[in-house]
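If you read the first sequence in this note's numbering, its first letter stands for residue 23, the second for the next number, and so on. Here is the structure we will look at.
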Amino acid sequence: MKRTHHCNELRPAHIGQTVTLCGWVHSRRDLGGVIFIDIRDREGRTQTVFDPSDLPKEVFDRAAALRSESVVRVTGRVRSRPEGTNNAKIPTGEIEVMVRELEVLNLADPLPFQIDDPETASRVNEELRLKYRFLDLRRPELARNIRLRSKVAIVTRQFMDEQGFLEVETPILFKSTPEGAREFLVPNRRDPGTFYALPQSPQQFKQILMVGGIERYYQIARCFRDEDQRADRQLEFTQIDIEMSFIEREDIYALIEGLLKRIWKTALDQDIATPFKRMPFVEAMSRYGMDKPDTRFSMELADFTEEFCGSQFKVFGGAVAAGGVVKAINAKGLACATQGQIESMTELAKSFGAKGLAFIKVENGEWKSPIVRFLTDAEKAALQTKLAIEEGDLILFAAGEWLAACEILGRIRLYAAEVLKAAGKLVIPADRFDFLWVVDFPLLSFDKEQNRWYSSHHPFTAPVAEDIPLLKTETRKVRGQHYDVVVNGVELGGGSIRIHQPDVQKTVFEEVLQIPPDETKLRFGYMLEAFRYGAPPHGGIALGFDRLIAILCNTPSIRDVIAFPKTAKGTDLMTDAPAPVPAKQLRELYLELKVPKKE
RNA sequence: GGGGGCGUAGCUCAAUUGGUUAGAGCGCUGCCCUGUCACGGCAGAGGUUACGGGUUCGAGCCCCGCCGCUCCCGCCA
23 MKRTHHCNEL RPAHIGQTVT LCGWVHSRRD LGGVIFIDIR DREGRTQTVF
73 DPSDLPKEVF DRAAALRSES VVRVTGRVRS RPEGTNNAKI PTGEIEVMVR
123 ELEVLNLADP LPFQIDDPET ASRVNEELRL KYRFLDLRRP ELARNIRLRS
173 KVAIVTRQFM DEQGFLEVET PILFKSTPEG AREFLVPNRR DPGTFYALPQ
223 SPQQFKQILM VGGIERYYQI ARCFRDEDQR ADRQLEFTQI DIEMSFIERE
273 DIYALIEGLL KRIWKTALDQ DIATPFKRMP FVEAMSRYGM DKPDTRFSME
323 LADFTEEFCG SQFKVFGGAV AAGGVVKAIN AKGLACATQG QIESMTELAK
373 SFGAKGLAFI KVENGEWKSP IVRFLTDAEK AALQTKLAIE EGDLILFAAG
423 EWLAACEILG RIRLYAAEVL KAAGKLVIPA DRFDFLWVVD FPLLSFDKEQ
473 NRWYSSHHPF TAPVAEDIPL LKTETRKVRG QHYDVVVNGV ELGGGSIRIH
523 QPDVQKTVFE EVLQIPPDET KLRFGYMLEA FRYGAPPHGG IALGFDRLIA
573 ILCNTPSIRD VIAFPKTAKG TDLMTDAPAP VPAKQLRELY LELKVPKKE
């Protein structure tokens, strides 16, 4: 070992010992006659002292020439700091190391950005931080996140092992399955014109593992989806992937509640309440306008379909007449919303298909709104009662098809909450976590443009048993045995009980999803075949590991919990990936490029 | 594919809204300093205002294009 102690280890008990520390020059305070250098490693920092009366001039001069973030190795004697010079801010603040020897292991160039001050470092342009990720990773915040991630991975493995799960690795080189997310393709040199695909998830392998008798599988699995990025979405990401045989939905709920309880206890030393609330999809949409409701604040959607049936206000009356609904929320205390904010909300509503956004401002005891003159006294009374309207409130409406109206108000609700938070009128404690299961999703959704049904989750999701007869007749009504686990409005994971009977699976593929039989065979033939040779009933779930860590770290972006994340455009600013390859490599793969020239 | 925000010194930001030589703090370089801990003091260097066009007597500021980062919509079985 090059060192005897780490930089957060020395205490008054070590006084008198000769020690060797290695680390980065965190800060250098050169007082001319004496130099203080704080040496930092991942554990903490320790003050070292260079006293010229006690040191060869050459060593002192080298210390004076050190720059921030240089890597050094120092040897010296631990001593108590002189009276009145203790530093209460750091755990090693009662001692210091009187240096005898200094070895400069790596003299650092001046840094592209400073990392010693957390305040400014966290505000540095992300582009620069991504390019110099190795510097960013030294920042305490990021280091803490990476550490927590490791800790949670370990406790996950411990918990899953205790529950009798086997960790099984599945292939990264898989086959293209064009349903679902766009895939990354890998050309196959051995058979020109054929390709592997990187898995969107180990879904099919984990089901095959169940047929293979593994019974309980888990994996902290890398997944790849070639879709556009978001703060919570990267091209490659990690899932805690789980599958079990001979179980029902409740078994998954109990397992995941146990796992999350353990994770929260380990990561935050917090006891979370289980079991989690269960909320049917229809209820989540009706009350919160979201299938991943943030239940930390209310501002729930109220229904006024009955009240506005036949209303003089055509937008509402017409919507109801057309079989739609009228919904409203009360953004308490938001009557102060600026014209710009109302416009933003209107734009938001329009982006979700609304024609406009009706609102009522309650100010100075008066209902201010372009629509109020169309409302009858009875209608006003209904609003007053159901929304508990008070001075300073802002009422927002959506009318139309049930799902669309709910979704619009759901988005408006979140926007309003952000505005209220910024104004200090809505306060949500950082340590509050509202978990819930969203259940009873529709198995299938209808794509109006392509005029066909598609799986709400994925095509292996089992219908609720009693709904199976409705598959071909009342497709819309079939519920899937699918569940999402949601916390604070974030979809943490989802899964389902799977179809394990080949005939049901075949019906879903061919008769409901309308995939031609030969294509079904080509894409999923091996699964249908596997299910013919003794497939146990099974189900599973996948938790977004990056999102989980981001929630625990209280950061909005998963880039903050991934060591080497990519940008929104999918590039790695440090390595410059992706990049062109030499023609020779393309020839070996029998690939020819037809890249359109930029004008 | 679409919409919004940002881009000025190595970093974080300013520039009286189109008007003199583009400033400050930190960092960097040099000098001074023996108890600092975001040490302090003095001096100095450092700019193609992302990039390319345009309008104008005059552009960091206005217009068009383009690149990059970011947020959102679409997309994410």
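Even glycine gets a Cβ: it sits at the ideal position worked out from N, Cα and C.
(1) Out of curiosity, what's the CA-to-CA distance linking residue 179 and residue 169?
(2) Would you be able to state if there are at least three C-beta pairs under 8 Å between the segment 233-250 and the segment 260-276?
(3) If I measure Cβ to Cβ from residue 364 and keep anything under 8 Å in the same chain, skipping five residues before and after, which residues do I get?
(4) Who are the near neighbours of residue 621 in its chain, counting only those whose CB is closer than 6 Å to its CB and skipping five residues on each side?
(5) Could you check which residue in 544, 564, 440, 173 has the C-alpha nearest to that of residue 289?
(6) Considering only residues of the same chain and omitting the five flanking positions on each side of residue 412, which have a CB-CB separation below 8 Å?
(7) Could you have a look at residue 621 and say whether DSSP puts it in helix, strand or coil?
(8) For a test of the three-state rule: what should DSSP assign to residue 161, helix, strand or coil?
(9) So what does DSSP say about residue 141, is it helix, strand or coil?
(10) List the residues that DSSP assigns as beta-bridge partners of residue 513.
(11) Between residue 321 and residue 229, what straight-line distance do the alpha-carbon atoms span, to the nearest angstrom?
(12) By the 10 Å Cβ neighbour count, where 16 or more other Cβ atoms means buried, how is residue 333 classified, buried or exposed?
(13) Over the uninterrupted beta strand (DSSP E) stretch that includes residue 244, give me the two end residues.
(14) Give every residue of the same chain whose Cβ lies closer than 7 Å to the Cβ of residue 134, excluding the five residues on either side of it in the sequence, and list them in chain order.
(15) How big is the Cα-Cα spacing for residue 423 and residue 343?
(16) Can at least three beta-carbon pairs, one atom from the segment 249-261 and one from the segment 189-196, be found at a separation below 8 Å?
(17) Provide the residue(s) that pair with residue 46 in DSSP beta bridges, ordered along the chain.
(18) Give me the Cα-Cα distance between residue 707 and residue 124, rounded to the nearest whole angstrom.
(19) Look up residue 368 in the DSSP assignment and say whether it is helix, strand or coil.
(20) Based on the DSSP output, what are the partners of residue 475 in its beta bridges?
(21) So, helix, strand or coil for residue 595, using DSSP?
(22) Which runs of the beta strand (DSSP E) fall wholly inside the segment 278-322 and span at least 3 residues, in chain order?
(23) If you count every other CB in all the chains shown that lies within 10 Å of the CB of residue 136, and 16 or more means buried, which is it?
(24) Could you check what DSSP says for residue 542 in three-state terms: helix, strand or coil?
(25) So, under 8 Å CB-CB, residue 502 and residue 464 are touching, yes? Tell me the CB distance rounded to an integer number of Å.
(26) Determine whether the beta carbon atoms of residue 117 and residue 103 lie at a separation below 8 Å.
(27) Could you tell me if residue 167 is buried or exposed, where buried requires 16 or more neighbouring beta carbons within 10 angstroms of its beta carbon?
(28) For a minimum of 3 consecutive residues, which ranges assigned as the beta strand (DSSP E) are wholly contained in the segment 323-361?
(29) If we count the other Cβ atoms within 10 Å of its Cβ and call it buried at 16 or more, is residue 596 buried or exposed?
(30) Note down, in chain order, each residue of its chain lying with its Cβ closer than 6 Å to the Cβ of residue 458, except the 5 sequence neighbours on either side.
(31) Go to residue 383, then tell me how far its beta strand (DSSP E) extends in each direction, as first and last residue.
(32) Sorted by chain position, which residues of the same chain lie with C-beta nearer than 7 Å to residue 335's C-beta, five sequence neighbours on each side aside?
(33) Does the distance from the CB of residue 42 to the CB of residue 114 come in under 8 Å?
(34) Out of 560, 515, 26, state which residue places its alpha-carbon closest to the alpha-carbon of residue 313.
(35) Tell me the rounded alpha-carbon separation between residue 213 and residue 541.
In this structure, then:
(1) 16 Å
(2) yes
(3) 379, 381
(4) Bear in mind that the predicted position of residue 621 carries a pLDDT of just 43, short of 50, making it unreliable; the figure below should be weighed with that in mind. Answer for residue 621: no residue qualifies.
(5) 173
(6) 354, 384
(7) Only weak support exists for where residue 621 lies, its pLDDT of 43 falling under 50; the coordinates are left without a value.
(8) coil
(9) helix
(10) 508
(11) 41 Å
(12) buried
(13) 238-246
(14) 150, 154
(15) 11 Å
(16) no
(17) 62, 93
(18) Nothing can be reported for residue 707: it is not among the residues displayed for the chain, which extend from 23 to 621.
(19) helix
(20) 468
(21) coil
(22) 299-302
(23) exposed
(24) helix
(25) 7 Å
(26) yes
(27) buried
(28) 347-353
(29) exposed
(30) 298, 299, 301, 508
(31) 381-385
(32) 393, 396, 397
(33) no
(34) 515
(35) 21 Å
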